[in-house]
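Since the structure comes first, as structure tokens, the remarks are kept for the end.
2 protein chains.
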Amino acid sequence: MSEGPNIVRVAALIADNARVEVLSALMSGRALTATELATMAGVTKQTMSFHLGKLRDEGLITVDKQGRHRYFRLAGPQVANLLESLMGLAFQGAGAHISTGPRDPALRKARVCYDHLAGELGVFVYEQMLHTGVLQQHPGGLRLTEHGREWFNHLGIDTDVLTSSRRSFCRACLDWSERRHHLAGALGTALLARIQELGWAKQENGSRVMVFSSQGERALRAMLVAQSEPSATAQQAAVAF
Amino acid sequence: MSEGPNIVRVAALIADNARVEVLSALMSGRALTATELATMAGVTKQTMSFHLGKLRDEGLITVDKQGRHRYFRLAGPQVANLLESLMGLAFQGAGAHISTGPRDPALRKARVCYDHLAGELGVFVYEQMLHTGVLQQHPGGLRLTEHGREWFNHLGIDTDVLTSSRRSFCRACLDWSERRHHLAGALGTALLARIQELGWAKQENGSRVMVFSSQGERALRAMLVAQSEPSATAQQAAVAF
DNA sequence: CTCATAGTTCGATCCTAGTCGAACCATTAA
DNA sequence: TTAATGGTTCGACTAGGATCGAACTATGAG
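Residue numbers (full-length UniProt numbering), protein chains in the order written: chain A, 1 to 241; chain B, 1 to 241.
Spelled out as structure tokens, the structure:
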């Protein structure tokens, strides 16, 4: 009983079809009501209420009361993180190495992970950002360079506003299909929001799939491939996160 | 049922006291027999056999047959990773922010994570390695520098041998108590082994706690703060054993 | 060969937890 | 106020799974 019960309770919480359905749905980043979740998971309202109570008690989800509706959302990025890594292990173990990642090619290419962009495109974006000096890795974590600040401004995102928020500014999240990192944190959230705002991509009905228009994908990629020599300038001009 | 059952099964596997006890014990990195695990978890042999079968089926652990013994160990670093992140979430959620990390100060200071060093000391080692240029971060992952190669050679570790191994050479693992990274991969494993070989630290009875001798800790820290060259004391210690 | 120990399989038991029907609060619209 | 819809609470039912006793197989020691 050294470090027993806590971890068991969290795992038990995830060890249920209905609740995983809920968490998966909430991975889209949107807040959903109890009845929406109930129909999604294929259970009655009572049952869903029961499950939501449990998830809330253990701190995996939070509730926003608005009028007679209650909107449920994931408690934080760490929860999304945990789910992603669980998925990684689940697919590898059970399927006996069919292939890395989901069967759905669209889900593999670009999807929403909680509130930021994941999948092949998400990984591409992240790695190009490091390569072109928009971001910089550092023992203490990721940093946005001065050049990166300009890059985001050019896209129409004011990074100074984001830094005031209490949540972590920029952060890497491990991608379960790609086994590589993509951008999370306030910066990742803002980027995804802006991509949708610009009409570059749209979230498919109620799923986590992000469908990019061909122009949108081209525009995004274009902003990331053509960059001048980064490493020298990026070195000094780091902004604290 | 989009991506349901797999992840549920993995979670259900962890949602059991006895099995978590097993996995926790195996986080020490050692391979243990069924009866050892049975007494550790406080169940009978039959029950343990039942649990081990399940864990093996799902690919979380592997078995080595040696004579009439069967040695069980974690299937890989990803499993250790998952457990660490689960612990992170468990402690944060349930305890209502008592403090980050385990109550046991020794466990928090230095512990074994699967087969490498974690805890405050592990994080310190990793960050100093980056700071002094032993390791270097790179979009594709971590890299050992030429200076780093020499550093490890001074310590008595031949890094060329390690690169031939199939497993990932050096890799960062997220620390659940520190919320920061420490060194994993073949390099991390070799380092921990060497630390024990030199008598700098010893693993406590059957737990994951690493107890450093005061000289050992001083020697290790000395090798990491003086970035020009390994200190005299460290070289002596390396030769002495 | 005989005995002891490591580990698995089978059957029976017991208990937890997910489920739904029904009744019960809460908020908004009329 | 009444009606309607969103959510929760209560009680009873059921299934799955964790557990152990006992019997069984396999390897090694003498």
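By construction, the Cβ of each residue, glycine as well, lies at the ideal position given by its N, Cα and C atoms.
Partners in chain A for residue i, counting only beta-carbon separations shorter than 8 Å
i, result
"B:ILE14", "ILE7, VAL8, ALA11 and ALA15"
"B:ALA106", "Simply none; closest approach about 12 Å."
For residue j and residue i, the rounded distance between their alpha carbons
i, j, result
"B:ARG171", "A:HIS131", "19 Å"
"B:LEU32", "B:GLU217", "28 Å"
"A:ALA41", "A:ALA25", "9 Å"
"B:SER214", "B:ARG19", "36 Å"
"residue 280 of chain A", "B:LEU117", "It is not possible to answer for residue 280 of chain A, since the shown part of chain A is limited to 1 through 241."
"B:ARG73", "B:CYS173", "19 Å"
"A:LEU89", "A:LEU224", "31 Å"
"A:LEU183", "A:TYR126", "6 Å"
"A:ASP64", "A:LEU37", "15 Å"
"A:PHE39", "A:GLN66", "Residue 39 of chain A is actually Thr in this sequence, not Phe. Cα to Cα, the separation comes out at about 20 Å."
"A:GLU21", "B:GLU21", "28 Å"
"A:ALA12", "B:ASP104", "25 Å"
"B:LYS54", "B:ASN6", "14 Å"
"B:SER207", "A:GLY206", "46 Å"
"B:ALA94", "B:ASP175", "Here the model assigns B:ALA94 a pLDDT of 45, short of 50, so the residue's position is not dependable, and the following value carries that caveat. Between B:ALA94 and B:ASP175, the C-alpha separation is close to 19 Å."
"A:ASN81", "A:ARG56", "18 Å"
Proximal residues to residue i (C-beta, below 7 Å), its chain only, five neighbours per side dropped
i, result
"A:LEU162", "PHE169, ALA186, LEU187 and ALA190"
"A:LEU83", "LEU23 and MET27"
"B:HIS97", "The pLDDT assigned to B:HIS97 is 38, lower than 50, so where the model puts this residue is not dependable; a value taken from the coordinates is nonetheless given after this. The answer is none, since no qualifying residue turns up."
"B:VAL134", "THR145, HIS147, GLY148 and TRP151"
"A:VAL43", "ALA18"
"B:LYS202", "GLN196 and VAL211"
"A:ARG180", "VAL123"
Residue i, buried or exposed, once every other Cβ within 10 Å from all chains shown has been counted against 16
i, result
"A:GLU150", "exposed"
"A:GLY122", "buried"
"A:HIS51", "buried"
"B:GLY148", "buried"
"A:ALA222", "exposed"
"A:LEU198", "exposed"
"A:VAL8", "buried"
"residue 254 of chain A", "The structure shown does not extend to residue 254 of chain A, since chain A is modelled only from 1 through 241, so no value can be given for it."
"A:MET68", "Here residue 68 of chain A turns out to be Arg, not Met, going by the sequence shown. With fewer than 16 Cβ atoms within 10 Å of its Cβ, A:ARG68 is classed as exposed."
"A:THR159", "buried"
"residue 242 of chain B", "The question about residue 242 of chain B has no answer here: the residues shown for chain B are numbered 1 through 241."
"A:VAL79", "buried"
Residues that residue i contacts on chain B, provided the C-beta gap is smaller than 8 Å
i, result
"A:SER85", "GLN78, ASN81, LEU82 and SER85"
"A:VAL20", "GLY4, ILE7, VAL8 and ALA11"
"A:GLY216", "The premise fails here: A:GLY216 is roughly 24 Å from chain B at the closest Cβ pair, so nothing lies under 8 Å."
"A:LEU74", "Result: empty, since nearest Cβ-Cβ is about 12 Å, beyond 8 Å."
Amino acids of chain B, ordered along the chain, whose beta-carbon sits closer than 7 Å to that of residue i
i, result
"A:GLN137", "GLN137"
Residues of its chain near residue i, where Cβ-Cβ distance is below 8 Å and the 5 sequence neighbours each way are ignored
i, result
"A:THR35", "LYS45 and MET48"
"A:ARG194", "LEU155, GLY156 and ILE157"
"A:ALA106", "GLU204, VAL209 and VAL211"
"B:VAL10", "GLU58 and LEU60"
"B:LEU86", "ILE14"
"B:TRP200", "PHE212, SER213, GLN215, GLY216, GLU217, ALA219, LEU220 and ALA237"
"B:ASN17", "ALA41"
"A:ARG70", "THR33, ALA34, VAL63 and ASP64"
Contacts around residue i, its chain only, beta-carbon distance under 6 Å, and the 5 residues preceding and following it disregarded
i, result
"B:GLN136", "ARG143 and THR145"
"B:GLY29", "VAL112, TYR114 and ASP115"
"A:LEU192", "HIS116 and LEU117"
"A:GLY76", "none"
"A:GLN128", "LEU224"
Proximal residues of chain B, C-beta to C-beta of residue i below 9 Å
i, result
"A:LEU198", "Within chain B, no residue comes near A:LEU198; the closest Cβ sits about 26 Å away, beyond 9 Å."
"A:ALA118", "Under the 9 Å cutoff, chain B gives no residues; its nearest Cβ is about 14 Å from A:ALA118."
The segment 173-196 of chain B: which residues have C-beta closer than 9 Å to a C-beta of chain A, in chain order? LEU174, ARG180 and HIS181
Chain B contacts made by the segment 26-52 of chain A, where a contact means CB separation under 8 Å: none
- Interface residues of the segment 61-72 of chain A facing chain B [CB-CB below 7 Å]: none
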